[in-house]
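Asker:
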Amino acid sequence: MRMSQRTSRPTGRASGKPAQVPEDGSATPARPTTGRSASRPGPAAGEQLLAHELTPVLQPVGHRIPLAAAATGIQRAVLGTKFTHPPGAKPTYKKITAHFDGKWFTVSGDGAQVMRVEAQSGRPYTVRPGDATACGGSKDDTYLNNPRYVGIADNGPIPEGSFQFSATQFATFSTAERLKMLPGGTFTDPFGVSLHGGDWGAGRVPLAPLKLLPAPPGCGNTGRRSGFYLHGGVMPGSSGCIDIGNDGVDQLIKLLPGYTGKIVVTVAYKAAPPQVGAVGRAVGRLTYPKKKDPSILDRLKAAAGMEE
């Protein structure tokens, strides 16, 4: 997700006290044939327009709204509902784990695969020339699901390594809340954490880094990245989160009642980066224009490659 940090906001700066660097959390439209868009049902027109990556999430997970803000009378709308275990719920599995390989997000229960959905991480537009040179890539690369750029803050996909989350850290969003977040803005999630508007989709949960593997030499620093979330949305791609789509969130939520343990998510890229066409890249530029607080005109200029 998505309009930033979906992210991905998208700000999964979670446990383990990762470095506090403004960034992550994720989008591309007509995703290539390897993308999820082909199988994702068409969302409402309004939901197709923006993704949560449009507004970078600058606040780390667990960073509550400062008391000073409350003292000044600033009030933010609270959006989302905390996941809670139904009374007396018994876990279906003794151990749940998850894995992202650069294309598929899979979940296993007691060692057997119980869920598999396409997932994305990283922005779907053309890499900056400096990044392509530093990382030994091609000027035609995109950041989407491309492990070469895992060390590039905001643009690159989630680093390889391991992360964790628990069911009770999940925040789910109603359709009305999703639409309210799409245009941007700043809200508060049900845990009191700053929530930047965007395409977070059906829900989000922070991914606390346990171990981050280094980026290719000279190609950024994964240790300085933060802002990781697992979330839904209607637009593929992210700014460093893992976007599993709304169907993925719904499937995952159904596996969680009664499960109180930590769920470890491993990331190891095996699939080749997807090919993103001209239309997908244009929508990526529209979604992530260079200008801060862009207008619709700014976005259209970005999509047309006319940014200053």
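Residue numbers (the numbering used here): 1 to 308. C-beta: ideal position from N, C-alpha, C; glycine also.
(1) What does the alpha-carbon distance come out to for the pair lysine 95 and phenylalanine 187?
(2) For leucine 210, which of Gly161, Asn221, Thr168, Val150 has the nearest alpha-carbon?
(3) Under 8 Å, do phenylalanine 170 and isoleucine 253 count as touching if we go by C-beta distance?
(4) Taking Cβ positions, are proline 156 and glycine 220 nearer each other than 8 Å?
(5) Could you tell me whether the Cβ atoms of leucine 213 and proline 159 are closer together than 8 Å?
(6) Could you pull out every residue in the same chain whose Cβ sits closer than 6 Å to the Cβ of valine 107, ignoring the five residues on either side in sequence?
(7) By the DSSP assignment, the alpha helix (DSSP H) with glutamate 177 in it spans what residues?
(8) Could you tell me the alpha carbon to alpha carbon distance between glycine 223 and tyrosine 229, rounded to whole angstroms?
(9) Is DSSP giving proline 209 helix, strand or coil here?
(10) Apply the 10 Å Cβ neighbour rule to leucine 179 and answer buried if 16 or more other Cβ atoms are within range, or exposed otherwise.
(11) State the DSSP-derived secondary structure class of arginine 299, mapped to helix, strand or coil.
(12) Relative to the C-alpha of glycine 122, which candidate in Arg148, Gly137, Thr133 has its C-alpha closest?
(13) For a test of the three-state rule: what should DSSP assign to valine 249, helix, strand or coil?
(14) To which residues of the same chain is aspartate 189 closer than 7 Å at the C-beta, ignoring the five residues directly before and after it?
(15) Output needed for glycine 111: all residues of its chain with C-beta closer than 8 Å, excluding positions within five of it in sequence on either side, in chain order.
(16) Check whether the Cβ atoms of glycine 258 and proline 91 sit closer than 8 Å, and answer yes or no.
(17) Give me the residue from Glu118, Pro124, Ile263, Ile152 with the minimum Cα distance to aspartate 243.
(18) Is it buried or exposed, glycine 136, if we count other Cβ atoms within 10 angstroms and call 16 or more buried?
(19) Which value, in whole angstroms, describes the spacing of the CA atoms of valine 279 and tyrosine 288?
(20) What do you get for lysine 292, buried or exposed, if any count of 16 or more other CB atoms within 10 angstroms of its CB means buried?
(21) Which class does leucine 195 belong to by DSSP, given the choice of helix, strand or coil?
(22) Please check the pair phenylalanine 83 and threonine 168, which I expect to be a contact at CB under 8 Å, by giving their CB distance rounded to whole angstroms.
(23) Would you identify the three-state DSSP class for leucine 230, choosing helix, strand or coil?
(24) Go ahead and label lysine 139 buried or exposed: buried means 16 or more other beta carbons lie within 10 angstroms of its beta carbon, across all protein chains shown.
(25) What do you get for isoleucine 263, buried or exposed, if any count of 16 or more other CB atoms within 10 angstroms of its CB means buried?
(26) Any idea what DSSP makes of proline 101, helix, strand or coil?
Answerer: Short version:
(1) Translated into positions along the sequence shown, residue 95 becomes position 95. Translated into positions along the sequence shown, residue 187 becomes position 187. Each residue's alpha carbon lies about 34 Å from the other.
(2) What you label residue 210 is simply residue 210 of the sequence shown in a count that begins at 1. Closest option to leucine 210, Cα to Cα, is Gly161.
(3) Residue mapping note: residue 170 aligns to position 170 of the sequence shown, counting from 1. Residue mapping note: residue 253 aligns to position 253 of the sequence shown, counting from 1. Their beta carbons are under 8 Å apart, which means phenylalanine 170 touches isoleucine 253 by this criterion.
(4) The sequence position of residue 156 within the sequence shown is 156, counting from 1. The sequence position of residue 220 within the sequence shown is 220, counting from 1. It should be noted that the sequence gives glycine, not proline, for residue 156. It is a contact, given that the beta carbons lie within the stated cut-off.
(5) For the purposes of this step, residue 213 is taken as the residue at position 213 of the sequence shown. For the purposes of this step, residue 159 is taken as the residue at position 159 of the sequence shown. Against a cut-off of 8 Å, the Cβ pair of proline 159 and leucine 213 comes out as a contact.
(6) Walking along the sequence shown from the start, residue 107 turns up at place 107. So the list reads Ala98, Val114, Met115, once near-sequence residues are dropped.
(7) Position 177 of the sequence shown holds residue 177. 175-181 is the extent of the alpha helix (DSSP H) around glutamate 177.
(8) Within the sequence shown, numbered from 1, the residue matching residue 223 stands at position 223. Within the sequence shown, numbered from 1, the residue matching residue 229 stands at position 229. So the two alpha carbons sit approximately 16 Å from each other.
(9) Position 209 of the sequence shown holds residue 209. Reduced to three states, the DSSP call for proline 209 is strand.
(10) As a first step, residue 179 is located in the sequence shown; it is residue number 179 there, counting from the start. By the neighbour-count rule (16 or more Cβ atoms within 10 Å), leucine 179 is not buried but exposed.
(11) Counting from one through the sequence shown, the residue named residue 299 turns up at place 299. Reduced to three states, the DSSP call for arginine 299 is helix.
(12) Numbered from its first residue, the sequence shown carries residue 122 at position 122. Ranking Arg148, Gly137, Thr133 by Cα distance to glycine 122 puts Arg148 first.
(13) Taking the sequence shown and counting its residues from 1, the one referred to as residue 249 is at position 249. Helix.
(14) The residue labelled residue 189 in the question sits at position 189 within the sequence shown. Correct list, in chain order: Leu79, Gly80, Ala171, Leu195.
(15) Counting from 1 along the sequence shown, the entry for residue 111 is found at position 111. Excluding residues within five positions, the ones whose Cβ falls inside 8 Å are Lys95.
(16) For the purposes of this step, residue 258 is taken as residue 258 along the sequence shown, with counting starting at 1. For the purposes of this step, residue 91 is taken as residue 91 along the sequence shown, with counting starting at 1. Against a cut-off of 8 Å, the Cβ pair of proline 91 and glycine 258 comes out as a contact.
(17) Position 243 of the sequence shown holds residue 243. Selected option, being the one with the closest Cα: Glu118.
(18) As a working mapping, residue 136 is identified with position 136 in the sequence shown. So glycine 136 ends up on the exposed side.
(19) Residue numbering aside, residue 279 sits at position 279 when the sequence shown is read from its first letter. Residue numbering aside, residue 288 sits at position 288 when the sequence shown is read from its first letter. Approximately 14 Å, taken between the alpha carbons.
(20) The residue given as residue 292 occupies position 292 in the sequence shown. Exposed: under 16 other Cβ atoms inside 10 Å.
(21) As a working note, residue 195 is residue 195 in the sequence shown. Three-state result, leucine 195: strand.
(22) One-based indexing of the sequence shown puts residue 83 at position 83. One-based indexing of the sequence shown puts residue 168 at position 168. At roughly 6 Å, the Cβ-Cβ gap stays under 8 Å, so phenylalanine 83 and threonine 168 are in contact.
(23) Residue mapping note: residue 230 aligns to position 230 of the sequence shown, counting from 1. In this structure, leucine 230 counts as strand in the three-state DSSP scheme.
(24) Counting from 1 along the sequence shown, the entry for residue 139 is found at position 139. Lysine 139 should be labelled exposed.
(25) Counting from one through the sequence shown, the residue named residue 263 turns up at place 263. Buried, since its Cβ has 16 or more Cβ neighbours within 10 Å.
(26) Locating residue 101 in the sequence shown gives position 101, counting from the first residue. In the sequence on display, residue 101 carries aspartate and not proline. Coil, per DSSP.
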